[in-house]
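Trainee: Got a structure here, written out as structure tokens. Questions coming.
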Amino acid sequence: MIKLKGLAVMLGWMLLAPPGLAAPICVVDDLEVEVCLDQPAKRIATLSPGATELAFAAGAGDKVVAVVNYSDYPEAALKLPLVGNHTRIDLEALLALKPDLVITWRTGNPPAQMEMLRALGLPMFAIEPRTFEGVSKVIEQLSTLAGTEQEGFAEAERFRKGIAEIAEQYRDAEPVPVFYQVWQTPLMTINDDHLIGKVVQLCGGVNVFGDMPRLVPRISAEVVLEADPHAIITGSVEGIEDNQLDRWKSYTGMTAVAKNNLFFVPASPISRPTPRLLEASRDICERLDVARERE
Amino acid sequence: MTRSLLVLGAISLAALILALAIGSVNIAPSELWKVIQGEGSALHRTLLLDLRLPRTLAAFATGGLLAVAGALMQVLLRNPLADPYVLGLSGGAAVGALLAMLAGMGALLISGFAFAGAMLAMVLVFGLAHGTGSWTASRLLLTGVVVAAGWGAVITLMLAITPSYKLPGMLYWLMGDVSYARTPWPALVVLVLAILVILPLARNMNVLARGPMQAAALGVSVRPLEWTIYVLASLLTATAVTTAGSIGFVGLIVPHMLRLVLGNDQRIILPASALAGGTLLVLADTLARTVIAPEQLPVGVITALLGVPTFLYLLHRSR
Numbered sequence: 001m002i003k004l005k006g007l008a009v010m011l012g013w014m015l016l017a018p019p020g021l022a023a024p025i026c027v028v029d030d031l032e033v034e035v036c037l038d039q040p041a042k043r044i045a046t047l048s049p050g051a052t053e054l055a056f057a058a059g060a061g062d063k064v065v066a067v068v069n070y071s072d073y074p075e076a077a078l079k080l081p082l083v084g085n086h087t088r089i090d091l092e093a094l095l096a097l098k099p100d101l102v103i104t105w106r107t108g109n110p111p112a113q114m115e116m117l118r119a120l121g122l123p124m125f126a127i128e129p130r131t132f133e134g135v136s137k138v139i140e141q142l143s144t145l146a147g148t149e150q151e152g153f154a155e156a157e158r159f160r161k162g163i164a165e166i167a168e169q170y171r172d173a174e175p176v177p178v179f180y181q182v183w184q185t186p187l188m189t190i191n192d193d194h195l196i197g198k199v200v201q202l203c204g205g206v207n208v209f210g211d212m213p214r215l216v217p218r219i220s221a222e223v224v225l226e227a228d229p230h231a232i233i234t235g236s237v238e239g240i241e242d243n244q245l246d247r248w249k250s251y252t253g254m255t256a257v258a259k260n261n262l263f264f265v266p267a268s269p270i271s272r273p274t275p276r277l278l279e280a281s282r283d284i285c286e287r288l289d290v291a292r293e294r295e
Numbered sequence: 001m002t003r004s005l006l007v008l009g010a011i012s013l014a015a016l017i018l019a020l021a022i023g024s025v026n027i028a029p030s031e032l033w034k035v036i037q038g039e040g041s042a043l044h045r046t047l048l049l050d051l052r053l054p055r056t057l058a059a060f061a062t063g064g065l066l067a068v069a070g071a072l073m074q075v076l077l078r079n080p081l082a083d084p085y086v087l088g089l090s091g092g093a094a095v096g097a098l099l100a101m102l103a104g105m106g107a108l109l110i111s112g113f114a115f116a117g118a119m120l121a122m123v124l125v126f127g128l129a130h131g132t133g134s135w136t137a138s139r140l141l142l143t144g145v146v147v148a149a150g151w152g153a154v155i156t157l158m159l160a161i162t163p164s165y166k167l168p169g170m171l172y173w174l175m176g177d178v179s180y181a182r183t184p185w186p187a188l189v190v191l192v193l194a195i196l197v198i199l200p201l202a203r204n205m206n207v208l209a210r211g212p213m214q215a216a217a218l219g220v221s222v223r224p225l226e227w228t229i230y231v232l233a234s235l236l237t238a239t240a241v242t243t244a245g246s247i248g249f250v251g252l253i254v255p256h257m258l259r260l261v262l263g264n265d266q267r268i269i270l271p272a273s274a275l276a277g278g279t280l281l282v283l284a285d286t287l288a289r290t291v292i293a294p295e296q297l298p299v300g301v302i303t304a305l306l307g308v309p310t311f312l313y314l315l316h317r318s319r
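Protein sequence lines, in the order shown, are assigned to chains P and C. With the first letter of the first sequence counted as 1, position 188 gets the number 188 in our numbering; the numbers rise by one all the way through. With the first letter of the second sequence counted as 1, position 109 gets the number 109 in our numbering; the numbers rise by one all the way through.
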């Protein structure tokens, strides 16, 4: 009798147990730090334009309360409050918006200010995707933290499938030697570890500076002439042709110049680690197809 | 004498309160008082105690350190163009800090390396200035300027080879940024201790200003005094640069501005420099973080924009 009563009391307690004792939400970020929240994030601060896009891609766009300069995609982000530049953040403005999750960019944000935010106890999730799978993973993790798993996982899967399709389509494509120009002065390019380098590889291109040791090498015009790429690509505003590749036009001996393979693609989609890499990849692949036709 | 110091003290206090009240989130003085008493909203407490108070105190300490170091350099070298960085101290500190940033070290190590770099610069110039002849002010100045140029070349080299993503951090350090200071206490303690050490020596410094021969004839032990001034000025500059990077202009202009108003008695000029330098930097930092908020400006830009017209006005009025 007493045992039954004890069992009933225990069952009663279990039924009445407060729902807030759910397990915390934990994910591991790109710095291999475990980030745990007691409940899904409701006020997210994104400290880079890429992070803003990824938050929206994860389905958490309506939870973003603070962004930094150049957070221009999607359009809804343009209306959000600014807290400075990704290299110099207005910490007071950030704190005043009371975020419960801060998405930081490992290489872009200033370490001194990041240490200060950590000391103030704000939950911080660092992103630094270097592969397409890394981009999908970040979207999934952000959607877990924001409680928007349905949208986020769907978007991540859409991205994965899109990349896999392109990979399959260009698996046996003829390799085209490519030079991707990141910046004019100083002359900068990327190696194969960079996401842009991976996009070039995806489309069957061969980055002539792919095995340089630095991620963003600073090179001279001479080595570009020596490498003699068949296509030169750079990013510009909305892919409209501008003067960034004019310096090469005088070197008519270069294969890329002789065949008029100087291409412009929209700069933001290819420079940010976001699902827009899919569109960027299609742009680059189309250009390389043009180059292949002209071989 | 005490009257001018009291006035300067009152102005400093007003500047500090202004700096604590103004920002991306304005806090009324009544709210400030509540936070100091231990109440006030959580946001105001965090903003004030964790962000603004350390930053403002660090700005005050750094400004004071630089102004006093500038005044000491001008006495030591008997040259009105001398500032704390003329002997290459900020260059050495910058090389140390940039090396630490290149190696990816944390903020504490960066400060440590900056301090070590400044100390190395001090010892280097001191040793090189000796030579076979005697240790004169012009020899010291020449050695210092050349070594500073050497440090400048090393800094340029490091900026040229560093990976692009580390550049903004390095450039902001070189421009000077009070927000880097994580704790103001080392700088404040050094400033107070330095003033206490310097004040007894101030009368001898007045005599030294007439020239080493006259000073020696009047009973001042010139060589030890010059070494003391050199080491003190170096320590103050090293502390300032370690706290907030190389902020220019304060060390050069503040002692001159004070001399135009208060005369050239080091017993007044040195403590007044501490107060006035601190005030200037606090006001400049407040402007730097609010004038185009949420964009943040480097404080060195504001000190120059504020200081140049003020100095020209005072100079104009004094003739």
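All C-beta atoms in this analysis are idealised placements derived from N, C-alpha and C, irrespective of residue type, glycine included.
Rounded to the nearest angstrom, what separates arginine 203 of chain C and alanine 181 of chain C at their Cα positions?
Mentor: The residue given as residue 203 of chain C occupies position 203 in the second sequence. The residue given as residue 181 of chain C occupies position 181 in the second sequence. C-alpha separation (whole angstroms): 34 Å.
Trainee: Which one of C:Leu314, C:Val95 and C:Leu283 has the shortest CA to CA distance from valine 299 of chain C?
Mentor: The residue labelled residue 299 of chain C in the question sits at position 299 within the second sequence. If you compare the alpha carbons of C:Leu314, C:Val95 and C:Leu283 with that of valine 299 of chain C, the shortest gap goes to C:Leu283.
Trainee: Using a C-beta cutoff of 8 Å, does threonine 46 of chain C count as contacting chain P?
Mentor: Within the second sequence, the letter at position 46 stands for residue 46 of chain C. Yes, threonine 46 of chain C counts as interfacial toward chain P.
Trainee: Using a Cβ-Cβ cut-off of less than 9 Å, give me the residues of the segment 206 to 220 of chain P that come near chain C, in sequence order.
Mentor: Arg214, Leu215, Val216 and Arg218
Trainee: So, at 7 Å on beta carbons, what are the nonlocal neighbours of serine 318 of chain C in its own chain, with the 5 sequence-adjacent residues on each side left out?
Mentor: To locate residue 318 of chain C, count along the second sequence from 1; it is residue 318. Same-chain partners within the cutoff: Leu260.
Trainee: Would you say glycine 84 of chain P reaches chain C, if we count a Cβ-Cβ gap shorter than 8 Å as a contact?
Mentor: Translated into positions along the first sequence, residue 84 of chain P becomes position 84. For glycine 84 of chain P, the answer is yes, since a Cβ of chain C falls inside 8 Å of its Cβ.
Trainee: Name the DSSP bridge partner or partners of isoleucine 44 of chain P?
Mentor: On the first sequence, residue 44 of chain P is found 44 positions in, with the first residue counted as 1. P:Val64 and P:Leu101, per the DSSP bridge assignment.
Trainee: Check each residue of the segment 11 to 37 of chain C: if its Cβ is closer than 8 Å to any Cβ of chain P, include it; give the result in chain order.
Mentor: Gly23, Ser24 and Val25
Trainee: Does DSSP put leucine 37 of chain P in a helix, in a strand, or in coil?
Mentor: Along the first sequence, read from residue 1 onward, the residue named residue 37 of chain P stands at position 37. In this structure, leucine 37 of chain P counts as strand in the three-state DSSP scheme.
Trainee: Quick one: what's got a C-beta closer than 8 Å to aspartate 193 of chain P's C-beta in the same chain, skipping five residues either side?
Mentor: As a first step, residue 193 of chain P is located in the first sequence; it is residue number 193 there, counting from the start. These residues qualify, in order along the chain: Arg130 and Leu215.
Trainee: Going straight from the alpha carbon of asparagine 243 of chain P to that of arginine 294 of chain P, what length do you get?
Mentor: For this step, residue 243 of chain P is matched to residue 243 along the first sequence. For this step, residue 294 of chain P is matched to residue 294 along the first sequence. Distance from the CA atom of asparagine 243 of chain P to the CA atom of arginine 294 of chain P, rounded to whole angstroms, is 23 Å.
Trainee: Leaving out five residues on either side along the sequence, give the residues of the same chain with a beta carbon under 7 Å from the beta carbon of leucine 327 of chain C.
Mentor: Outside the displayed span of chain C (1 to 319) sits residue 327 of chain C, for which this structure offers no information.
Trainee: By alpha-carbon positions, which one of C:Leu77, C:Arg3 and C:Ile27 ends up nearest to arginine 223 of chain C?
Mentor: Locating residue 223 of chain C in the second sequence gives position 223, counting from the first residue. Ranking C:Leu77, C:Arg3 and C:Ile27 by Cα distance to arginine 223 of chain C puts C:Leu77 first.
Trainee: So for glutamine 296 of chain C, helix, strand or coil by DSSP?
Mentor: As a position in the second sequence, residue 296 of chain C is number 296, starting the count at 1. Coil, per DSSP.
Trainee: What did DSSP end up calling proline 29 of chain C once you bin it into helix, strand or coil?
Mentor: Along the second sequence, read from residue 1 onward, the residue named residue 29 of chain C stands at position 29. Collapsing the DSSP output to three states places proline 29 of chain C in a helix.
Trainee: Between which two residues does the alpha helix (DSSP H) containing alanine 126 of chain P stretch?
Mentor: For the purposes of this step, residue 126 of chain P is identified with residue 126 of the first sequence, where counting begins at 1. From DSSP, alanine 126 of chain P is part of no alpha helix (DSSP H) but of the beta strand (DSSP E) over 124 to 127.
Trainee: At a cut of 8 Å, does the segment 39 to 53 of chain P reach the segment 77 to 91 of chain P through at least three beta carbon pairs?
Mentor: yes
Trainee: Flag this pair as yes or no: are the beta carbons of proline 229 of chain P and alanine 267 of chain P separated by less than 8 Å?
Mentor: Along the first sequence, read from residue 1 onward, the residue named residue 229 of chain P stands at position 229. Along the first sequence, read from residue 1 onward, the residue named residue 267 of chain P stands at position 267. No, the pair does not count as a contact, with Cβ atoms beyond the cut-off.
Trainee: Pull up the DSSP beta-bridge partners for glutamine 181 of chain P, would you.
Mentor: Residue mapping note: residue 181 of chain P aligns to position 181 of the first sequence, counting from 1. Glutamine 181 of chain P is bridged to P:Thr234.
Trainee: Report the option in P:Ala60, P:Pro74 and P:Ala93 whose CA atom is closest to the CA atom of arginine 276 of chain P.
Mentor: Along the first sequence, one-based indexing puts residue 276 of chain P at 276. Closest option to arginine 276 of chain P, Cα to Cα, is P:Pro74.
Trainee: Candidates P:Leu82, P:Asp62 and P:Gly61: which alpha carbon is nearest proline 294 of chain C's?
Mentor: Translated into the one-based positions of the second sequence, residue 294 of chain C becomes position 294. Out of P:Leu82, P:Asp62 and P:Gly61, P:Leu82 has the C-alpha closest to the C-alpha of proline 294 of chain C.
Trainee: Between glutamate 295 of chain C and chain P, is there a C-beta pair that is closer than 8 Å?
Mentor: Position 295 of the second sequence, counted from the first residue, corresponds to residue 295 of chain C. Yes, glutamate 295 of chain C lies at the interface with chain P (some Cβ there is under 8 Å from its Cβ).
Trainee: Would you say the segment 280 to 292 of chain P touches the segment 171 to 179 of chain P, given that touching needs at least three Cβ pairs under 8 Å?
Mentor: yes
Trainee: Tell me the DSSP bridge mates of cysteine 285 of chain P?
Mentor: Working through the first sequence from its first residue, we reach residue 285 of chain P at position 285. DSSP, once it has assigned bridges, lists no residue as partnering cysteine 285 of chain P.
Trainee: Quick check: aspartate 38 of chain P and alanine 126 of chain P, are their CB atoms within less than 8 Å of each other?
Mentor: In the first sequence, counting from the first residue as 1, residue 38 of chain P sits at position 38. In the first sequence, counting from the first residue as 1, residue 126 of chain P sits at position 126. It is not a contact, given that the beta carbons lie outside the stated cut-off.
Trainee: Assuming contact is defined by CB atoms lying nearer than 8 Å, are serine 246 of chain C and alanine 96 of chain P in contact in what I supplied?
Mentor: Here residue 246 of chain C is taken as the residue at index 246 of the second sequence, counted from 1. Here residue 96 of chain P is taken as the residue at index 96 of the first sequence, counted from 1. In this structure, alanine 96 of chain P does not lie closer than 8 Å to serine 246 of chain C by Cβ.
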